[in-house]
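See below for the structure under consideration.
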Amino acid sequence: MKRYSAFAIAREAARYHQGWERAWASPEPKKKYDAIIIGAGGHGLASAYYLGKNFGITNVAVIEKGWLGGGNTGRNTTIIRSNYLQDPSAAIYEKARSLYETMSQDLNYNVMFSPRGVIMLAQTHHEVRGYQRTAHANALQGVKTEWINPDRVKELCPIMNIEGPRYPVLGGLWQARGGTARHDAVAWGYARACSDMGMDILQKCEVTGVTSEDGKVTGVTTSRGDIGCDKLGIVVAGNSGHVAEMAGFRLPLESVALQALVSEPIKPCMDIVVMANTVHGYLSQSDKGEMVIGGGTDSYNNYTQRGSFHHIEETVRALIETFPMLSRLKMLRQWGGIVDVTGDRSPILSKTPLEGCFINCGWGTGGFKAIPGSGWGFAELMAKGHSPLTAEFGLDRFKEGRFIDESVAAGVAH
Amino acid sequence: MLILHCPYCGVDADETELAAGGQAHIKRETVGSSDGDFEEYMFMRQNPRGVHFERWRHVNGCGKWFHAARCTTTLEVFGTYSAQTLRPPQDLLTHITGKRPGWSFSQWLETLS
Ligand SMILES: Cc1cc2nc3c(=O)[nH]c(=O)nc-3n(C[C@H](O)[C@H](O)[C@H](O)COP(=O)(O)OP(=O)(O)OC[C@H]3O[C@@H](n4cnc5c(N)ncnc54)[C@H](O)[C@@H]3O)c2cc1C
Ligand SMILES: [Zn+2]
Chain A
0 MKRYSAFAIA
10 REAARYHQGW
20 ERAWASPEPK
30 KKYDAIIIGA
40 GGHGLASAYY
50 LGKNFGITNV
60 AVIEKGWLGG
70 GNTGRNTTII
80 RSNYLQDPSA
90 AIYEKARSLY
100 ETMSQDLNYN
110 VMFSPRGVIM
120 LAQTHHEVRG
130 YQRTAHANAL
140 QGVKTEWINP
150 DRVKELCPIM
160 NIEGPRYPVL
170 GGLWQARGGT
180 ARHDAVAWGY
190 ARACSDMGMD
200 ILQKCEVTGV
210 TSEDGKVTGV
220 TTSRGDIGCD
230 KLGIVVAGNS
240 GHVAEMAGFR
250 LPLESVALQA
260 LVSEPIKPCM
270 DIVVMANTVH
280 GYLSQSDKGE
290 MVIGGGTDSY
300 NNYTQRGSFH
310 HIEETVRALI
320 ETFPMLSRLK
330 MLRQWGGIVD
340 VTGDRSPILS
350 KTPLEGCFIN
360 CGWGTGGFKA
370 IPGSGWGFAE
380 LMAKGHSPLT
390 AEFGLDRFKE
400 GRFIDESVAA
410 GVAH
Chain B
0 MLILHCPYCG
10 VDADETELAA
20 GGQAHIKRET
30 VGSSDGDFEE
40 YMFMRQNPRG
50 VHFERWRHVN
60 GCGKWFHAAR
70 CTTTLEVFGT
80 YSAQTLRPPQ
90 DLLTHITGKR
100 PGWSFSQWLE
110 TLS
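Protein sequences, first through last, are from chains A and B.
Using numbering that gives the first Met the number 0, you'd call the opening residue of the first sequence number 0 and step up by one each time.
Using numbering that gives the first Met the number 0, you'd call the opening residue of the second sequence number 0 and step up by one each time.
Shown next, in the form of structure tokens:
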């Protein structure tokens, strides 16, 4: 793989950009791999990458039914933060956030990580108490966050109306090193690095069945033929229930649509990320100048990658009180993704009833921020059978009542 | 927008008039159940790509709970029916099998314990 650098750009500029290589190969499937990951979203690709990088397992295929990064990884609003309440969450999200800091260098791919700061607004007294509690929890966890007052909120985000009338801003939970990254680049960067290690990324290859012998996984059947493996990782977000069924077990989650929209591009007016959970909206400005807006999920099961139209209206209507200038903007595009939501709003990284088969799912509405940490932990789980990062996120927690309850903190969970 | 016919008051209600209540036909567990059964009741959910049965409430209307049969990949509504039943009416099931040959209710129910 030729490295990307300022020098490479100059070199290519001098020869009409004819020397750029393909970023990743498009091989034919082999008969068998040491490990197969189903799903080339951020989590699947990161899992493969750390299998190779941290454990030297490179005879790996990542199988994708569409194009890599075409699932939720390419559809999200890219908010990165790690200010969760529970210790196991803080550990895995903070690991992820810290890996984002050096991801561009590690992958030799510019993922445009922008730690511009994230505020979670408190607009009710309930939220004030909730976020102050989170700030204290974060202090104990070693996650740097801070409770800030309304004046500081206004200073950080002058376009905000903090006076109400319905939902005055009472303060906020501020994480200065939270921010955003380019979502496609995260998938592309991992894919390029995986391909460089000799892994096969098999796009347009749908997994249609999971094969096993004596309770142990032996491979998958796909639209491009049968492929064998010793270990299997299922990392398919909204389709987790569907693929788990192929492997013969059920999951405590449901798939619902979550949507986002962007406005026409405007001049820079907001250089941080704001989440307003009371009014179910969150907002940032992209480098192109578009206001990127997300809302809440639909309330019923859906696989169509669209969302209910009235949700857009609800989201925008609510945000306008806090961001009056939004009312003047035209919205350009709207889209949806299918997110897999668990009972305690925390992910599942776990062994499964099928030996050799592991699952990484349940990231629901907020897993972009977790991609590197999830990949790191899941690779360790697949390679060694256990990982301190994933230990609390097992499937058995629902039976045992050991929930990692983030649902309180996650009215809107990004 | 999703439109469901309320079997109680007869209104064709827009999604904004309704509240989704999750999967239908869940068997309620209570004191004395095993951990596994309780997990089923509390957390395990059918999540099919295709035909699904759900509870809905006509919240901004007559206020009653009812059941709906819907496809999660096309958003087609097959029909709605009373909540006072353990099983969808046979004519609705026949209607669904007509549209989705090979599909059966027992298949949907099978994985529910
Ligand atoms: C509108 C929206 C906004 C969001 N905003 C944020 C945010 O601001 N911050 C944040 O942290 N998170 C956010 N999220 C959540 C985040 O996008 C997801 O948690 C994350 O991207 C999940 O990554 P993944 O790799 O697990 O899944 P995906 O990227 O969905 O990848 C799964 C892949 O599996 C493939 N697949 C499925 N079935 C099969 C099969 N049978 N065979 C082969 N391949 C298969 C799919 O095609 C897909 O490419 C948002 C999500 C949405 C939809
Ligand atoms: Zn009614």
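Even for Gly, the Cβ is constructed at its ideal location relative to N, Cα and C.
For clarity, every value in this text was computed on a predicted model and none was experimentally measured.
Within the continuous alpha helix (DSSP H) that includes residue i, where are the two ends?
i, result
"A/R151", "P149 to L155"
"A/K94", "D86 to E100"
"A/I319", "F308 to T321"
"A/A390", "Element bounds for A/A390: n/a, residue is neither H nor E."
"A/V59", "Where A/V59 is concerned, there is no enclosing alpha helix (DSSP H), although the beta strand (DSSP E) it sits in stretches over V59 to I62."
"A/P371", "I370 to K383"
"B/D36", "D34 to M41"
"A/C193", "H182 to D195"
"B/T96", "Q89 to K98"
Would you kindly check if the distance between the Cβ of residue j and the Cβ of residue i is under 9 Å?
i, j, result
"A/V234", "A/N359", "yes"
"A/Q284", "A/D297", "no"
"A/A39", "A/Q202", "yes"
"B/L113", "B/H24", "Only positions 0 to 112 of chain B appear in the structure, and residue 113 of chain B is not among them; the question remains open."
"A/V242", "A/I37", "yes"
"A/S345", "A/L394", "no"
"A/A13", "A/A34", "no"
"A/N301", "A/A256", "yes"
"B/E53", "B/Q22", "yes"
"A/C204", "A/R191", "no"
Kindly list, in the order they appear in chain B, the residues whose Cβ is closer than 9 Å to that of residue i.
i, result
"A/K398", "D34, G35, F37, E38 and F42"
"A/G240", "R44, Q45, N46, P47 and R48"
First and last residue of the beta strand (DSSP E) that includes residue i?
i, result
"B/R54", "V50 to R56"
"B/T79", "V76 to S81"
"A/I403", "It is not in any beta strand (DSSP E) - A/I403 carries neither H nor E in the DSSP assignment."
"A/L331", "M330 to T341"
"A/S262", "L252 to P264"
"B/Q22", "A18 to Q22"
"A/G218", "K215 to T221"
"A/W23", "First-last for A/W23: undefined, no H or E at that position."
"A/S349", "I347 to K350"
"A/E212", "V206 to E212"
Using a C-beta to C-beta distance shorter than 8 Å, which residues of chain A count as neighbours of residue i?
i, result
"B/E14", "S307 and H309"
"B/T72", "Y302 and T303"
Whole angstroms is fine: what's the gap from residue i's alpha carbon to residue j's?
i, j, result
"A/A408", "A/K30", "No answer about A/A408 holds up, because its pLDDT of 48 lies below 50 and its placement is not dependable."
"A/L67", "B/Q89", "43 Å"
"A/A317", "B/A18", "19 Å"
"B/P47", "B/S103", "13 Å"
"A/A180", "B/P100", "46 Å"
"A/L328", "A/T77", "21 Å"
"A/T220", "A/L380", "24 Å"
"A/A378", "A/A236", "17 Å"
"A/G410", "A/N276", "Confidence at A/G410 is low in this model, with a pLDDT of 45, below 50, so the placement of that residue should be treated as unreliable; the coordinate-derived value is given next. Their backbone Cα atoms lie some 6 Å apart in a straight line."
"B/T73", "B/N59", "26 Å"
"A/M274", "A/E320", "14 Å"
"A/S25", "A/M0", "14 Å"
"B/T79", "A/G361", "30 Å"
"A/N53", "A/V216", "23 Å"
"A/V117", "A/H309", "27 Å"
"A/P28", "A/N58", "12 Å"
"B/G97", "B/E16", "30 Å"
"A/G428", "B/M43", "Coverage of chain A is limited to positions 0 through 413, which leaves residue 428 of chain A absent and any answer about it impossible."
"B/S32", "B/E109", "20 Å"
"A/A136", "A/Q174", "13 Å"
For a contact meaning CB atoms closer than 8 Å, what does residue i contact in chain B?
i, result
"A/L252", "R44 and N46"
"A/G342", "M41 and F42"
Identify the contact partners of residue i in chain A, using a Cβ-Cβ distance below 7 Å as the criterion.
i, result
"B/E53", "Y299"
"B/A19", "S298 and Y299"
Please confirm if the stretch 260-268 of chain A is in contact with the stretch 231-251 of chain A, defined as three or more CB-CB distances below 8 Å between the two stretches. These segments do not touch.
Would you say the stretch 159-167 of chain A touches the stretch 181-190 of chain A, given that touching needs at least three Cβ pairs under 8 Å? Contact fails: fewer than three Cβ-Cβ distances are below 8 Å.
Inter-stretch contact at 8 Å, needing at least 3 Cβ pairs: the stretch 208-228 of chain A / the stretch 367-377 of chain A: By the Cβ test, the stretch 208-228 of chain A is not in contact with the stretch 367-377 of chain A, since fewer than three Cβ pairs between them sit closer than 8 Å.
Three Cβ pairs or more, each shorter than 8 Å: is that satisfied between the stretch 7-15 of chain A and the stretch 331-342 of chain A? The stretch 7-15 of chain A makes no contact with the stretch 331-342 of chain A: fewer than 3 CB pairs, one atom from each, lie closer than 8 Å.
Per the contact definition of three or more C-beta pairs closer than 8 Å, is the stretch 16-26 of chain A in contact with the stretch 36-55 of chain A? When C-beta atoms of the stretch 36-55 of chain A are compared with those of the stretch 16-26 of chain A, fewer than three pairs fall below 8 Å, so the two segments do not count as touching.
Could you check whether the stretch 384-404 of chain A touches the stretch 109-125 of chain A, counting it as contact only if at least three pairs of C-beta atoms, one from each stretch, sit closer than 8 Å? The stretch 109-125 of chain A and the stretch 384-404 of chain A do not touch, with fewer than three beta-carbon pairs separated by less than 8 Å.
If we count Cβ pairs, one from each stretch, closer than 8 Å, do we get three or more for the stretch 128-139 of chain A versus the stretch 292-309 of chain A? Not touching, per the Cβ criterion.
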